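**Student:** Positions in the sequence shown are counted from 1; adding 230 to them yields this note's numbering. For glycine and all other residues, C-beta sits at the position ideal for the given N, C-alpha and C. Bear in mind that the values here come from a model prediction, so they are computed numbers and not experimental data. There's a structure below that I have some questions on.
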Amino acid sequence: MKAHAMAPKMDKSEKRMRTLFACTQCGAQSPKWLGRCPECSAWNSFQEETVAVGIGAASLGASSGGVPLRASGVPVTPLSQVETRDFPRVFCGSPEFDRVLGGGLVPGSLVLLSGEPGIGKSTLLMQALHGLATRGFKVLYASGEESPEQIRLRADRLGCVSDKVLLTAETDVVALATVAKSIKPAVLVVDSIQTISHPDVASSPGSVSQVRESTAALLELAKDNTITTILVGHVTKEGTVAGPKLLEHLVDTVLHLEGDANTGFRILRATKNRFGSTGEMGVFAMQGNGLRDVTNPSSYFLEESKQVREGTAVAVCMEGTRPLLVEIQALVGRSTYSSPRRVVTGLDQQRFQVLLAILEKRAGVALSTNDIFAGVAGGLRIFEPSADLAMAASVLSSLFERPLPPRHAFIGEVGLAGEIRGITHGIARVQEAMKLGFERIYLPMRSFRSERDSYLALLKEGSADVQLFPVEEIREVTTLFK
Ligand code: TYD
Ligand code: MG
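Here it is in structure tokens:
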């Protein structure tokens, strides 16, 4: 009792500071430095941070799920009686962006857009804000990365200048929240979360506690005032900057923008979405005047393959709910090394090795003295098993030096026994291939049998030249080259 009375009263303004260590990958905290994070197993990821006592994971609402805990009378509701409402959606005007979001932005949601620096996050969002502004919404763009002049220059280049797009260079999250509350924009973009700081946190912007506290403040702002907030988060290849990884559980939607700087196309994926599916993929082309939607990616990626070439085969993959036709290319040459080289780009190396072993063993094709290179045209990355058959066909085509006949497409996973395994969304894939003018479509017998009537109906609708080839064994594909 006595000790209590003697304890000095703490003034609100003089906060006690505490030093702790936080993992820059997942945000786990520890009172001492650790070489390896016990939560996410990352090595050398702990960084020293100074935080005010009272600020920490608990203040984020993470522990209570954002619901204030009360000592008594905690409300409990049967699931069936919880009222639901439809989420009205706000469209940004870019069909690809809106689709990846699950059909537009949900008001009051918190979205994280992550990607490597320079990939086009600011460009994408500036275009989205312009789209919203032309639909009559007031939007606020807070940038701690670029000056208003730089942003204006970019907007000029993109043709995105509007009175309804408001700019601020504020990086203090409390001040930013105050501004946002008074302006009440429909959408707030914070570019980037690594430049924003919370006045109560002593560490520098971009550190684990800064990023987390600022996001917590923005989450509150978004939910309490129904301001849809989009945060930009940089990820470096090494993942050294605190950010996207540790925010994923706080936000409603996580979008990732990726691409190959050389090819100029960008792919937007949702890796988490509380308001939609996560399989969707949006394709954009980076041009001189910004990102252009690629609404028919199949024809975009196949553009160069009108010609019949040796060592190429077309696979029909699924990206989310949308079929995507891609060209798989292979080059088989004589090896001068004792252990031949197997190099793939955009494909799964392991899977490719296994497929070559299957071709040797189950189809009797000798490949052990050949260097084999394979890749996906256009710089795409394909990790779907259903591309196996096309991979096999492209290798065989290069090996036998015979191009595949024109308008052939392949769908199917190859099992270790050489069997062709069934695939999902068979109808949608075949339909897309037919739409793009493919006339000889190889697909797993198992999938064909299970939905025979639907496939036959498809054939009846399409042109008379289209033929389906249900296959059971990898061996059947080798006959194409004999
Ligand atoms: P940016 O949106 O600034 O990337 P991020 O915000 O992810 O860091 O885009 C940077 C790159 O995009 C830049 O290197 C140049 C290129 N770009 C174009 O090719 N065309 C354009 O119209 C714009 C605005 C940028
Ligand atoms: Mg930027």
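Would the beta-carbon of serine 352 be found less than 7 Å away from any heavy atom of the ligand TYD?
**Tutor:** Position 122 of the sequence shown holds residue 352. Checking the Cβ of serine 352 against the ligand TYD gives yes.
**Student:** Can you tell me which residues form a DSSP beta bridge with glycine 332?
**Tutor:** Within the sequence shown, residue 332 is the residue found at index 102, counting from 1. BP columns for glycine 332 are empty, so no partner.
**Student:** Output the distance between the C-alpha atoms of glutamate 478 and serine 434, rounded to the nearest integer angstrom.
**Tutor:** Indexing the sequence shown from 1 puts residue 478 at position 248. Indexing the sequence shown from 1 puts residue 434 at position 204. Distance between the alpha carbons of glutamate 478 and serine 434: 21 Å.
**Student:** Which ranges would you report for the alpha helix (DSSP H) in the segment 472 to 539 if only whole runs of at least 4 residues count?
**Tutor:** Those alpha helix (DSSP H) runs which fall completely within the segment 472 to 539 and span 4+ residues are 474 to 477 and 527 to 532.
**Student:** Return helix, strand or coil for threonine 401, following the three-state DSSP convention.
**Tutor:** What you label residue 401 is simply residue 171 of the sequence shown in a count that begins at 1. Three-state result, threonine 401: coil.
**Student:** Taking three-plus beta-carbon pairs below 8 Å as touching, is the segment 636 to 656 in contact with the segment 547 to 567?
**Tutor:** Touching, yes, given that three or more Cβ pairs across the two stretches are closer than 8 Å.
**Student:** Cutting at 7 Å between CB atoms, please list the residues of its own chain near leucine 487, excluding the five before and the five after it.
**Tutor:** Along the sequence shown, read from residue 1 onward, the residue named residue 487 stands at position 257. Contacts found: Leu343, Gly345, Ile349, Gly350, Lys351, Leu354, Arg496 and Leu498.
**Student:** What do you get for arginine 564, buried or exposed, if any count of 16 or more other CB atoms within 10 angstroms of its CB means buried?
**Tutor:** As a first step, residue 564 must be located in the sequence shown, where it is residue number 334. Flag for arginine 564 reads exposed.
**Student:** Could you check whether leucine 418 and alanine 405 sit closer than 8 Å to each other, using their CB atoms as the reference points?
**Tutor:** Position 175 of the sequence shown, counted from the start, is the residue given in the question as residue 405. Position 188 of the sequence shown, counted from the start, is the residue given in the question as residue 418. Their beta carbons are not under 8 Å apart, which means alanine 405 does not touch leucine 418 by this criterion.
**Student:** How many angstroms separate the CA atom of glutamate 557 from the CA atom of leucine 597?
**Tutor:** The count along the sequence shown starts at 1 and reaches residue 557 at position 327. The count along the sequence shown starts at 1 and reaches residue 597 at position 367. Roughly 22 Å separates the two Cα atoms.
**Student:** Give a yes or no on whether the C-beta atoms belonging to valine 513 and alanine 623 are separated by under 8 Å.
**Tutor:** For the purposes of this step, residue 513 is taken as the residue at position 283 of the sequence shown. For the purposes of this step, residue 623 is taken as the residue at position 393 of the sequence shown. No, Cβ-Cβ distance for valine 513 and alanine 623 is not below 8 Å.
**Student:** Taking the straight line between their C-alpha atoms, what separation do you get for leucine 585 and proline 633?
**Tutor:** Counting from 1 along the sequence shown, the entry for residue 585 is found at position 355. Counting from 1 along the sequence shown, the entry for residue 633 is found at position 403. Cα to Cα, leucine 585 sits roughly 20 Å from proline 633.
**Student:** With hydrogens ignored, establish whether the beta-carbon of glutamate 375 is closer than 7 Å to any heavy atom of the ligand MG.
**Tutor:** The count along the sequence shown starts at 1 and reaches residue 375 at position 145. Indeed, a heavy atom of the ligand MG lies less than 7 Å from the Cβ.
**Student:** What whole-angstrom Cβ distance do leucine 577 and isoleucine 612 have, given they're in contact under 8 Å?
**Tutor:** Here the question's residue 577 lines up with position 347 in the sequence shown. Here the question's residue 612 lines up with position 382 in the sequence shown. Their Cβ separation, rounded to whole angstroms, is 6 Å, which keeps leucine 577 and isoleucine 612 in contact under 8 Å.
**Student:** Following the continuous alpha helix (DSSP H) through leucine 388, name the residue where it begins and the one where it ends.
**Tutor:** The residue you call residue 388 lines up with position 158 of the sequence shown. That run of the alpha helix (DSSP H) goes 378 to 388.
**Student:** Should the segment 269 to 280 be called in touch with the segment 427 to 441, which here means at least 3 C-beta pairs below 8 Å?
**Tutor:** These segments touch.
**Student:** My guess is that serine 616 and isoleucine 588 are in contact by the Cβ rule of under 8 Å, so how many angstroms apart are they, rounded?
**Tutor:** Walking along the sequence shown from the start, residue 616 turns up at place 386. Walking along the sequence shown from the start, residue 588 turns up at place 358. Not a contact, Cβ separation roughly 15 Å.
**Student:** What I want to know is whether the C-beta of glutamine 517 ends up closer than 7 Å to one or more non-hydrogen atoms of the ligand TYD.
**Tutor:** Here residue 517 corresponds to residue number 287 of the sequence shown, with the count starting at 1. Glutamine 517: yes, Cβ under 7 Å from the ligand TYD.
**Student:** If we ignore side chains and look at the alpha-carbon of each, how far apart do glycine 713 and methionine 675 end up?
**Tutor:** There is simply no residue 713 to check, as the chain begins at 231 and stops at 712 in what is shown.
**Student:** For the putative contact between serine 422 and valine 462, defined by C-beta atoms under 8 Å, what is the C-beta separation to the nearest angstrom?
**Tutor:** Locating residue 422 in the sequence shown gives position 192, where the first residue counts as 1. Locating residue 462 in the sequence shown gives position 232, where the first residue counts as 1. Indeed, because the Cβ distance is near 4 Å, the residues count as touching under 8 Å.
**Student:** Is the distance from the Cβ of proline 268 to the Cβ of leucine 250 below 8 Å?
**Tutor:** For the purposes of this step, residue 268 is taken as the residue at position 38 of the sequence shown. For the purposes of this step, residue 250 is taken as the residue at position 20 of the sequence shown. Contact: no.
**Student:** Less than 6 Å between C-beta atoms, sequence neighbours within five positions excluded: which residues of the same chain meet that for glutamine 697?
**Tutor:** Within the sequence shown, residue 697 is the residue found at index 467, counting from 1. Excluding sequence neighbours, glutamine 697 sits near Arg670.
**Student:** In this structure, does DSSP put valine 320 in helix, strand or coil?
**Tutor:** Looking up residue 320 in the sequence shown gives position 90. Reduced to three states, the DSSP call for valine 320 is strand.
**Student:** Does at least one heavy atom of the ligand MG sit under 7 Å from the Cβ of aspartate 421?
**Tutor:** Start at 1 with the first residue of the sequence shown, and residue 421 comes out as number 191. Correct: aspartate 421 has its Cβ closer than 7 Å to the ligand MG.
**Student:** Assuming contact is defined by CB atoms lying nearer than 8 Å, are leucine 340 and leucine 449 in contact in what I supplied?
**Tutor:** On the sequence shown, residue 340 is found 110 positions in, with the first residue counted as 1. On the sequence shown, residue 449 is found 219 positions in, with the first residue counted as 1. Yes, they are a contact pair.
**Student:** Can you give me the C-alpha to C-alpha distance between glycine 608 and arginine 637, rounded to a whole angstrom?
**Tutor:** For this step, residue 608 is matched to residue 378 along the sequence shown. For this step, residue 637 is matched to residue 407 along the sequence shown. Cα to Cα, glycine 608 sits roughly 19 Å from arginine 637.
**Student:** Roughly how far, in whole angstroms, is the beta-carbon of tyrosine 672 from the beta-carbon of phenylalanine 711, given that I think they are within contact range, below 8 Å?
**Tutor:** Position 442 of the sequence shown, counted from the start, is the residue given in the question as residue 672. Position 481 of the sequence shown, counted from the start, is the residue given in the question as residue 711. With 8 Å as the limit, tyrosine 672 and phenylalanine 711 do not qualify as a contact, their Cβ atoms being about 13 Å apart.
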